[in-house]
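**Q** Below: one structure in structure tokens.
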Amino acid sequence: MTAETASADPGDAQLLQPTAPRTDAARMPGRGPAPTPSVSAAFDSSPGRTPGFERVLWLAVVGLISFSVVGTILAMCGWFHPVPVVVGSLAIATLASTRVLPAVRGDDPPIRAHWLLTVCVLAVAVASGLWNGAHHGEHLVAERDPGVYIATGLWLGDHGNLRVSTPVGPFAGAPGVREAGIGFSPNSSDSLDPQFAHLNAVFLAVGSWFGDTRLLLVPQLLMSAALVMVYALGVRLGRPIGGAAGALALAVSYPFVYVARDAYSEPIALLLLLSGLWALTFVRRSGVRAGLIAGALLGATCMARIDGYIPLIPIAGIIALEWQLARRRGDFRAAFPRDLEP
Numbered sequence: 001m002t003a004e005t006a007s008a009d010p011g012d013a014q015l016l017q018p019t020a021p022r023t024d025a026a027r028m029p030g031r032g033p034a035p036t037p038s039v040s041a042a043f044d045s046s047p048g049r050t051p052g053f054e055r056v057l058w059l060a061v062v063g064l065i066s067f068s069v070v071g072t073i074l075a076m077c078g079w080f081h082p083v084p085v086v087v088g089s090l091a092i093a094t095l096a097s098t099r100v101l102p103a104v105r106g107d108d109p110p111i112r113a114h115w116l117l118t119v120c121v122l123a124v125a126v127a128s129g130l131w132n133g134a135h136h137g138e139h140l141v142a143e144r145d146p147g148v149y150i151a152t153g154l155w156l157g158d159h160g161n162l163r164v165s166t167p168v169g170p171f172a173g174a175p176g177v178r179e180a181g182i183g184f185s186p187n188s189s190d191s192l193d194p195q196f197a198h199l200n201a202v203f204l205a206v207g208s209w210f211g212d213t214r215l216l217l218v219p220q221l222l223m224s225a226a227l228v229m230v231y232a233l234g235v236r237l238g239r240p241i242g243g244a245a246g247a248l249a250l251a252v253s254y255p256f257v258y259v260a261r262d263a264y265s266e267p268i269a270l271l272l273l274l275s276g277l278w279a280l281t282f283v284r285r286s287g288v289r290a291g292l293i294a295g296a297l298l299g300a301t302c303m304a305r306i307d308g309y310i311p312l313i314p315i316a317g318i319i320a321l322e323w324q325l326a327r328r329r330g331d332f333r334a335a336f337p338r339d340l341e342p
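For the record, in the sequence shown the residue sitting at position 338 is 338 according to the working numbering, with numbers rising by one throughout.
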């Protein structure tokens with residue numbers, strides 16, 4: 001076959017030249033058979049997949065946001081009971097896992113933290129939780145924020161709703177006696193509405209299912225998990241040793257210890273914020289589904305604190321700036337997630 005013949009017949013030229021298999025990054029949306037989603041696919045160890053530690057964290061953050069959303073909705077609807085909470089959270093977490101986790105892609109080459117550093121950070125998190133739990137606060141009177149959260153959590157755990165009954169007894173309705181109090185406001189249905197965002201009370205209510213005093217240990221559990229996420233975020237953004245150092249420094253800092261020992265809203269807000277930032281680092285390679293989980297985690301901070309949107313402002317600015325810089329360079333792979341590339 002001459003060169004003229006080969007160039008005149010493009011089909012023959014394509015047959016003569018071997019074609020390289022298309023990589024996952026080059027595959028366009030909508031082409032090729034879509035793989036059947038499953039949770040087991042998230043634990044695939046093939047190249048491009050995330051290391052095992054990060055895959056476990058993905059399951060954890062999906063469960064965290066699933067329970068946060070389901071628990072808050074059920075509490076506001078008056079259906080916050082063990083069976084609906086567990087069934088609803090597991091259903092949403094399973095659905096999200098089968099749709100999101102198989103699409104999560106790690107860095108190439110993958111970022112791998114030394115197992116010894118990971119074990120040390122886990123030991124620091126456990127030690128911090130045990131130490132702060134042994135010295136937890138006991139704000140049983142609703143005179144400050146922790147007391148209001150604890151009272152709300154106890155009521156929610158016992159009654160499954162956020163409509164606190166007004167006081168009864170010989171002093172109810174007596175002159176000079178108010179039915180409301182610090183952190184509770186009367187409404188038109190002869191009940192009291194607890195103040196603040198309710199996600200913290202939702203987590204405390206779960207602790208009360210295991211005993212009224214067990215809910216006092218919930219903040220320490222949340223802060224221990226936040227230490228692990230500090231390490232995980234440090235591994236993604238810098239080096240594993242830096243993430244471990246950051247987790248250790250935070251664990252012994254006074255502000256951390258102060259809020260970890262009482263029922264403040266900072267523990268759950270910090271855990272959601274760090275989890276969202278960590279999930280956000282996967283969006284460029286993993287696509288919109290990972291971005292939805294990251295956005296849900298970051299947005300859920302507003303379900304824990306009324307000022308939870310404040311740390312989201314600089315995050316949105318940084319994302320917008322990176323997007324514009326990438327578009328000016330013509331680097332669409334950096335400007336768009338993998339499944340939104342033009």
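Glycine residues also receive a C-beta, built at the ideal position from the N, C-alpha and C atoms.
#1: Which partner residues does Asp-193 have in the DSSP bridge list?
#2: Per DSSP, which residues does Ser-165 bridge with? Please list them.
#3: I'd like to know whether the C-beta atoms of Ser-189 and Ser-128 end up nearer to each other than 8 angstroms.
#4: Between which two residues does the alpha helix (DSSP H) harbouring Arg-327 extend?
#5: Please classify Glu-143: does DSSP put it in a helix, a strand, or coil?
#6: Starting from the Cα of Leu-312, find the closest Cα among Gly-295, Pro-267, Arg-327 and Val-126 and give me that residue.
#7: Under the assumption that Leu-156 contacts Phe-80 (Cβ atoms under 8 angstroms), give the Cβ distance between them as a whole number of angstroms.
#8: Measure the alpha-carbon distance for Ile-241 versus Glu-266 and round it to whole angstroms.
#9: Counting C-beta neighbours from all protein chains within 10 Å, is the total for Asp-145 16 or more, i.e. buried, or is it exposed?
#10: Compute the Euclidean distance between the alpha carbons of Ser-40 and Gln-195, then round it to the nearest angstrom.
#11: Let me make sure I understand the geometry here. Which of Ser-208, Ser-66, Tyr-231 and Ala-304 has the alpha-carbon closest to that of Ala-123?
#12: Extract the residue ranges of the alpha helix (DSSP H) inside the segment 216 to 265, only unbroken runs of 4 or more that lie entirely within it.
#13: Quick one: grab the DSSP three-state call for Gly-30.
#14: Does Leu-274 come within less than 8 angstroms of chain D when only Cβ atoms are used?
#15: Could you check if Thr-213 is buried or exposed, using at least 16 other CB atoms within 10 Å of its CB as the buried criterion?
#16: Please report the residue range of the alpha helix (DSSP H) in which Glu-138 lies.
#17: Would Thr-72 and His-198 be called neighbours here (beta carbons separated by less than 8 angstroms)?
#18: Mind reading off the beta-carbon distance from Ala-226 to Leu-277? Whole number of angstroms is fine, and I expect it under 8 angstroms.
#19: If you draw a straight line from the C-alpha of Asn-132 to the C-alpha of Leu-116, how long is it?
#20: Can you grab the Cα-Cα spacing for the pair Ser-253 / Leu-233, in whole Å?
**A** In short:
#1: The residue labelled residue 193 in the question sits at position 193 within the sequence shown. DSSP output for Asp-193 lists Ser-185 as bridge partner(s).
#2: On the sequence shown, position 165 is the one that residue 165 refers to. Beta-bridge pairing links Ser-165 to Ser-191.
#3: Within the sequence shown, numbered from 1, the residue matching residue 189 stands at position 189. Within the sequence shown, numbered from 1, the residue matching residue 128 stands at position 128. Cβ atoms of Ser-189 and Ser-128: not closer than 8 angstroms.
#4: The residue you call residue 327 lines up with position 327 of the sequence shown. Arg-327 -> alpha helix (DSSP H) spans 312 to 329.
#5: Locating residue 143 in the sequence shown gives position 143, where the first residue counts as 1. Three-state result, Glu-143: coil.
#6: Locating residue 312 in the sequence shown gives position 312, where the first residue counts as 1. That would be Gly-295, whose Cα lies nearest to the Cα of Leu-312.
#7: Here the question's residue 156 lines up with position 156 in the sequence shown. Here the question's residue 80 lines up with position 80 in the sequence shown. Contact holds; Cβ gap of about 6 angstroms.
#8: Within the sequence shown, residue 241 is the residue found at index 241, counting from 1. Within the sequence shown, residue 266 is the residue found at index 266, counting from 1. Going by the C-alpha atoms only, they are around 26 angstroms apart.
#9: Position 145 of the sequence shown, counted from the first residue, corresponds to residue 145. With a threshold of 16 other beta carbon atoms within 10 Å, Asp-145 meets it and is buried.
#10: Taking the sequence shown and counting its residues from 1, one reaches residue 40 at position 40. Taking the sequence shown and counting its residues from 1, one reaches residue 195 at position 195. In this predicted model, Ser-40 has a pLDDT of only 39, less than 50, meaning its place in the structure is not dependable enough to derive any value.
#11: Translated into positions along the sequence shown, residue 123 becomes position 123. Of the candidates Ser-208, Ser-66, Tyr-231 and Ala-304, the one whose C-alpha sits nearest the C-alpha of Ala-123 is Tyr-231.
#12: 218 to 237, 240 to 251 and 254 to 260
#13: Here the question's residue 30 lines up with position 30 in the sequence shown. Confidence is the limiting factor: at Gly-30 the pLDDT is only 43, short of 50, which leaves the residue's position unreliable, though a coordinate-based value still follows. In this structure, Gly-30 counts as coil in the three-state DSSP scheme.
#14: Absence of chain D from the displayed structure is noted, only one protein chain being present.
#15: Here residue 213 refers to the residue found at position 213 of the sequence shown. By the 10 Å Cβ count, Thr-213 comes out exposed.
#16: The count along the sequence shown starts at 1 and reaches residue 138 at position 138. Premise fails: Glu-138 is in no alpha helix (DSSP H) and is neither H nor E.
#17: Reading the sequence shown from its first residue, position 72 is the one you call residue 72. Reading the sequence shown from its first residue, position 198 is the one you call residue 198. A Cβ-Cβ contact shorter than 8 angstroms links Thr-72 with His-198.
#18: Here residue 226 is taken as the residue at index 226 of the sequence shown, counted from 1. Here residue 277 is taken as the residue at index 277 of the sequence shown, counted from 1. So it is not a contact: roughly 12 angstroms between Cβ atoms.
#19: Here residue 132 is taken as the residue at index 132 of the sequence shown, counted from 1. Here residue 116 is taken as the residue at index 116 of the sequence shown, counted from 1. Cα-Cα distance, rounded: 24 angstroms.
#20: On the sequence shown, residue 253 is found 253 positions in, with the first residue counted as 1. On the sequence shown, residue 233 is found 233 positions in, with the first residue counted as 1. Their backbone Cα atoms lie some 18 angstroms apart in a straight line.
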